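A.B. asks:
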Amino acid sequence: MQIYHNECRLHAEVLAEALKEAYLWLPLNAVTLEHLTKEQLRVLDQLAYRFTKLQDTMSQKVLPTILETDCIRRNFCREAKLVRTNRGITFSG
140 MQIYHNECRL
150 HAEVLAEALK
160 EAYLWLPLNA
170 VTLEHLTKEQ
180 LRVLDQLAYR
190 FTKLQDTMSQ
200 KVLPTILETD
210 CIRRNFCREA
220 KLVRTNRGIT
230 FSG
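Numbering (the working numbering), first residue to last: 140 to 232.
1. Once DSSP output is grouped into helix, strand and coil, what is the label at Pro203?
2. Starting from Tyr162 and walking both ways along the alpha helix (DSSP H), at which residues does that stretch end?
3. Taking the beta carbon of Arg189 as the centre, do at least 16 other beta carbons fall within 10 Å, making it buried, or is it exposed?
4. Using three-state DSSP, classify Leu175 as helix, strand or coil.
5. Within the chosen definition, does the segment 162-181 reach the segment 195-207 through at least 3 CB pairs nearer than 8 Å?
6. Let me make sure I understand the geometry here. Which of Glu207, Met140, Glu156 and Ala169 has the alpha-carbon closest to that of Leu184?
7. Could you check whether Thr204 and Met140 sit closer than 8 Å to each other, using their CB atoms as the reference points?
8. With a threshold of 7 Å, establish whether the CB of Thr176 neighbours any heavy atom of the ligand FAD.
Set out below in structure tokens:
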């Protein structure tokens, strides 16, 4: 779980740095959107990428690990079989 925490922290830190840069010229409107510099586009791209990576790590690694751990702790697995797939976890009876 520590490795997932570190991964999330990295994405969140880079995301925060990009937001700090973006706050200098946000909010966007139709006019400013047409005149973004390459640097501003890079920041927007970084925001989108890091947000997506953070969300993916949380949904595909952190949440399944938490659910699996909770399932084991509660012995819930006796009644509902925990099935790991390449897209996360599902419960089957």
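Beta carbons: idealized from backbone N, C-alpha and C, even for Gly. Predicted, not measured: the structure shown is a model, and the values here were computed from it.
C.D. replies: Quick answer:
1. helix
2. Element bounds for Tyr162: n/a, residue is neither H nor E.
3. buried
4. For Leu175, the secondary structure class from DSSP, reduced to helix, strand or coil, is coil.
5. no
6. As written in the sequence, residue 184 is Asp, which differs from the Leu given in the question. The candidate whose alpha carbon is nearest that of Asp184 is Glu156.
7. Between Met140 and Thr204, the gap from beta carbon to beta carbon is short of 8 Å.
8. For the structure depicted, the ligand FAD is absent and the ligand set is empty, with no information on it obtainable.
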